[in-house]
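Protein chains: 4
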Amino acid sequence: MPKLGMEPIRRASLVDAAIAEFGRARTLDATVGQIARRAGVSPALAHHYFGAKEQLFLAAMRHILRRFGDQTRAALKRAETPRARLDALARACFQPEQFHPEVVAAWRNFSVLAQTSPDAQRLLRRYHRRLRSNLAHDLRPLIGARAPAAAAGVAAMLAGIYIGQALNTALASDDSAVAPVLRHLDLEIAAGPSEPSA
Amino acid sequence: MPKLGMEPIRRASLVDAAIAEFGRARTLDATVGQIARRAGVSPALAHHYFGAKEQLFLAAMRHILRRFGDQTRAALKRAETPRARLDALARACFQPEQFHPEVVAAWRNFSVLAQTSPDAQRLLRRYHRRLRSNLAHDLRPLIGARAPAAAAGVAAMLAGIYIGQALNTALASDDSAVAPVLRHLDLEIAAGPSEPSA
Amino acid sequence: MPKLGMEPIRRASLVDAAIAEFGRARTLDATVGQIARRAGVSPALAHHYFGAKEQLFLAAMRHILRRFGDQTRAALKRAETPRARLDALARACFQPEQFHPEVVAAWRNFSVLAQTSPDAQRLLRRYHRRLRSNLAHDLRPLIGARAPAAAAGVAAMLAGIYIGQALNTALASDDSAVAPVLRHLDLEIAAGPSEPSA
Amino acid sequence: MPKLGMEPIRRASLVDAAIAEFGRARTLDATVGQIARRAGVSPALAHHYFGAKEQLFLAAMRHILRRFGDQTRAALKRAETPRARLDALARACFQPEQFHPEVVAAWRNFSVLAQTSPDAQRLLRRYHRRLRSNLAHDLRPLIGARAPAAAAGVAAMLAGIYIGQALNTALASDDSAVAPVLRHLDLEIAAGPSEPSA
DNA sequence: AATGAATGAGGATTCATTCAT
DNA sequence: GATGAATGAATCCTCATTCAT
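Protein chains in written order, with the numbering used here: chain R, 1 to 198; chain V, 1 to 198; chain G, 1 to 198; chain U, 1 to 198.
This is the structure:
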């Protein structure tokens with residue numbers, strides 16, 4: 001019983017199914033067939049709406065990134081001082097959702113896909129750029145010209161902790177994850193603006 | 001013309017071929033056939049010696065990790081103070097070889113493989129554990145009880161920077177890569193042992 | 001906004017689109033989807049009007065044959081002697097339009113289709129029969145009873161030259177194409193009616 | 001029970017199966033699966049030996065052309081005068097084998113394939129070139145400078161008759177097929193060398 | 001009159017792996 | 001010790017076609 005206006009519904013449910021399937025088949029090879037079956041449609045429909053597997057993967061990752069962005073923005077709005085905003089940013093990266101198996105797997109998929117797909121690479125780089133730029137923006141009032149370099153350090157630490165956590169099957173609470181980052185922020189800020197950064 | 005004692009030679013050349021093939025096919029799908037062809041043998045021989053593709057991949061990664069370990073130990077031997085050893089450790093992670101395309105690709109392969117292969121996961125965890133333990137060992141004389149927590153932060157930053165670098169096609173010189181880590185070490189050490197870590 | 005009387009318009013535009021698409025995809029696999037898109041309608045509409053892909057292909061070929069027939073008849077009307085009519089017939093087969101890529105491709109499609117579709121086969125045979133009959137009609141005053149056999153020879157040469165030309169990407173001017181045929185006509189006519197044909 | 005030295009056997013049987021399958025599925029879409037099944041092997045083996053469907057098709061056509069060439073050369077050897085050789089050439093084109101359904105279908109396949117495959121196009125052109133050159137070689141002693149033009153006419157007639165015959169399901173005996181060509185040869189030769197060809 | 005929705009069937013191709021030699 | 005032979009299983013993708021709207 002075909003109905004009109006199904007496109008957005010199908011797209012969304014295929015994207016959801018893709019993410020869920022990433023989590024299940026920890027391997028990268030979530031197939032179009034599996035995803036479609038989970039979404040309750042035929043594989044042909046997935047191709048009809050997304051054109052190719054890669055596009056479906058990309059759409060799934062965009063979905064995750066969009067949600068991450070929304071949460072981050074919301075957290076930033078609630079913070080009032082630069083330091084509070086930096087904390088919020090760090091904590092946003094380690095929200096429980098980010099450690100759901102399917103999200104972790106999606107990130108892994110994504111970083112692999114970025115090796116071959118220019119679209120994925122662009123998306124991934126944009127994400128990193130934004131994160132660094134956000135960090136630098138709030139570091140500037142506190143440490144001045146050293147902000148960009150410090151932002152890079154913080155961003156690296158965030159990324160490193162994320163994959164470290166993602167490697168352990170038992171995932172730590174976000175608080176223990178975020179601690180080293182907060183510590184690093186403390187140290188950088190305490191060092192003050194005068195000191196030249198490497 | 002079968003010869004005696006070929007086993008170690010064949011194994012080594014298959015491992016080399018696997019690593020080389022990882023670099024060529026940026027995708028994960030280096031096939032047994034391609035690897036065998038590069039090694040100048042039949043795919044059947046690869047199975048004969050390694051049993052399965054996964055084992056060949058693992059052997060390749062072990063090879064890379066062993067070389068990394070050797071280089072690290074050598075560098076540590078040349079350093080005399082704890083701080084010098086910490087520097088050496090950090091620099092070892094960013095030696096040019098670590099950024100050769102095939103090594104980067106091998107790491108990526110490896111982290112994916114670790115999701116499904118218990119052997120790979122064990123190997124990967126052991127590597128991380130050793131790195132953190134090495135760092136903590138040399139941090140202890142400088143900052144005391146805070147050493148383990150600080151080691152985790154440093155290790156995370158190392159990992160984060162590595163993937164960040166690996167994502168860029170144009171790879172930075174190891175000096176700019178190591179800078180944020182040295183900076184972090186400076187800050188942690190300057191803070192001294194008294195201060196409690198988060 | 002469905003309108004009345006759209007049927008002939010849609011049919012015509014689908015037929016045109018089919019022919020155009022034959023030219024574009026040199027392969028036989030012009031798909032219903034591509035044709036419909038080019039015609040600015042949905043694939044479902046093509047089925048609505050033509051029932052099946054094959055019927056659409058047939059309609060396209062009928063369209064081409066009808067145009068060819070019209071041009072031929074017009075050329076014949078302008079000719080006054082039997083010999084002039086034979087010339088006109090030969091030249092009609094090599095009019096520039098017959099070498100437009102889409103027409104060449106349509107002929108190829110058609111001759112393939114004729115292997116499986118009785119309708120197409122019937123159409124193709126009728127075309128050949130008419131051509132031979134036309135040739136024989138004008139040969140009879142010149143060579144008498146040998147006319148049918150000679151017509152077969154001329155028709156064969158016409159067909160052979162057409163595919164020969166169609167095979168070369170650079171298509172010769174119609175004059176060089178028609179020359180062997182005119183030559184053959186000259187010879188047959190010069191031989192006169194008395195001589196028995198094989 | 002795999003045996004050694006199977007490659008040539010498998011290749012040959014796949015080529016045979018392909019030709020047979022061309023005849024059965026009058027359509028162009030003889031699938032690799034069908035061909036492989038007929039040859040008693042898996043589709044994967046067909047790919048193993050031929051790399052791709054197109055190459056298998058090409059090999060099949062080369063096989064047919066080679067046989068045709070062999071027969072032609074044999075017939076030419078038995079002929080002693082130029083005229084006898086021309087007759088032999090014409091008759092060779094219409095030997096019963098050339099009208100076996102699978103051979104007719106292979107030719108059709110081939111001419112379609114030539115639209116998209118440079119390899120097929122090259123092969124097809126070479127065949128035509130050789131035929132014309134053979135004809136011209138034996139026409140020269142009889143009609144001098146007009147030989148090339150006359151050869152083109154004869155070749156066209158041969159091709160035209162072939163497809164004409166191939167279109168009829170009931171295939172005529174080779175004698176009635178070759179008659180118009182012999183007739184044309186008679187006329188051209190009777191006209192002698194002096195007359196300029198168009 | 002027209003279409004968006006949906007699919008079943010199928011097809012080329014790839015690949016790890018097995019086994020007799 | 002080494003390999004050629006062979007395949008089963010899987011995957012992405014395409015397309016004509018149908019149907020409710």
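No residue lacks a Cβ here, since even glycine has one placed at the ideal position from N, Cα and C.
Inset, instruction - In the DSSP assignment, find the alpha helix (DSSP H) that holds L58/R and state where it starts and stops. - result: Segment K53 to R78, the alpha helix (DSSP H) holding L58/R.
Inset, instruction - Indicate whether Q71/V and Q95/V have their beta-carbon atoms separated by less than 9 Å. - result: yes
Legend entry - Inter-residue spacing [alpha-carbon to alpha-carbon] between A151/U and A136/U: One C-alpha to the other measures close to 5 Å.
Legend entry - Inter-residue spacing [alpha-carbon to alpha-carbon] between W107/R and I19/R: 10 Å
Inset, instruction - Pair every Cβ in the region 115-123 of chain G with every Cβ in the region 184-193 of chain G, then say whether three or more of these pairs are closer than 8 Å. - result: Fewer than three Cβ pairs drawn from the region 115-123 of chain G and the region 184-193 of chain G lie within less than 8 Å of each other, which leaves the two stretches out of contact.
Inset, instruction - Check whether the Cβ atoms of L14/U and V41/U lie closer than 9 Å to each other. - result: yes
Legend entry - For G23/U and E80/U, believed in contact at Cβ under 8 Å, the rounded distance: Wrong, their Cβ atoms sit about 36 Å apart, outside the cutoff.
Inset, instruction - Quick one: list the residues of chain V neighbouring M157/R, beta-carbon separation under 7 Å, in chain order. - result: Correct list: G153, A156, M157 and G160.
Legend entry - Same chain, Cβ closer than 8 Å to P141/V, neighbours up to 5 away in sequence not counted: P82
Inset, instruction - Answer with buried or exposed for S111/V, where buried requires no fewer than 16 other C-beta atoms within 10 angstroms of its C-beta. - result: Buried, since its Cβ has 16 or more Cβ neighbours within 10 Å.
Inset, instruction - Verify whether the separation of the beta carbon atoms of T116/G and T27/U is less than 9 Å. - result: yes
Inset, instruction - Going by CA-CA distance only, name the one from A145/R, A52/R and D87/R that's closest to V154/R. - result: D87/R
Inset, instruction - Can you give me, in chain order, the residues of the region 176-187 of chain G that have a beta carbon less than 7 Å from any beta carbon in chain U? - result: A179, P180, L182, R183, H184 and L187
Inset, instruction - Please name the residues in the region 112-128 of chain U whose beta-carbon is closer than 9 Å to at least one beta-carbon of chain G, in chain order. - result: V112, A114, Q115, T116, Q121, L124, R125 and H128
Legend entry - Rounded straight-line distance, which links the Cα of F50/G to that of G5/G: 16 Å
Inset, instruction - Could you spell out the range, first to last residue, of the alpha helix (DSSP H) harbouring D16/U? - result: E7 to R24
Inset, instruction - Starting from the C-beta of G192/V, find all residues in its chain whose C-beta is less than 6 Å away, skip the five residues before and the five after it, and write them out in chain order. - result: none
Inset, instruction - For chain V, find out if any of its Cβ atoms is closer than 9 Å to the Cβ of L142/R; answer yes or no. - result: no
Inset, instruction - Check whether the Cβ atoms of F68/G and Q98/G lie closer than 9 Å to each other. - result: Yes, these two residues count as a Cβ contact at 9 Å.
Legend entry - Reduced DSSP category for F94/R - H, G, I as helix; E, B as strand; rest coil: coil
Legend entry - Any C-beta of chain R under 9 Å from that of A150/V: yes
Legend entry - Under 9 Å by beta carbon: chain R residues contacting L65/V: Going along chain R, no residue has its Cβ under 9 Å from L65/V, so there is no contact; the nearest lies around 15 Å.
Inset, instruction - Kindly indicate if chain R contains any beta-carbon less than 9 Å away from that of R108/V. - result: Interface annotation, R108/V: in contact with chain R, CB-CB separation under 9 Å.
Inset, instruction - Enumerate in chain order the residues of its own chain whose CB-to-CB distance from A17/V is below 6 Å, with the five nearest sequence positions on each side excluded. - result: I35, R38 and A39
Legend entry - Any chain R beta carbon closer than 9 Å to A145/V: no
Legend entry - Alpha carbon of V104/G to alpha carbon of S176/G, nearest angstrom: Using only the alpha carbons, I get a separation of about 18 Å.
Inset, instruction - Figure out for me which residue from R73/R, P180/R and L167/R has the closest Cα to the Cα of A149/V. - result: Looking at the Cα atoms, P180/R is the closest of the given residues.
Inset, instruction - Thinking G164/R and H128/V are a contact (beta carbons under 8 Å), I'd like their distance in whole angstroms, please. - result: Contact flag correct, Cβ pair sits at about 7 Å.
Legend entry - Contact belief for L208/G with A147/G at Cβ below 8 Å, rounded distance in angstroms: Absent from the structure is residue 208/G, since the part of chain G shown begins at 1 and ends at 198.
Inset, instruction - Thinking M157/V and A156/R are a contact (beta carbons under 8 Å), I'd like their distance in whole angstroms, please. - result: 5 Å
Legend entry - Within 8 Å of chain V by C-beta, residues of the region 86-104 of chain R in sequence order: none
Legend entry - Interface flag, G164/U vs chain G, CB-CB below 9 Å: yes
Legend entry - Per-residue contacts from A18/G into chain U (C-beta, under 8 Å): Per Cβ cutoff of 8 Å: no residues; A18/G is ~17 Å from chain U at best.
Legend entry - Listed by chain order, chain R residues near L201/V by CB distance under 7 Å: Residue 201/V lies beyond the range of chain V shown here (1 to 198); nothing can be said about it.
Inset, instruction - Pull up the distance between the alpha-carbon of R130/R and that of A46/U, whole angstroms please. - result: Spanning the two alpha carbons is a distance of roughly 51 Å.
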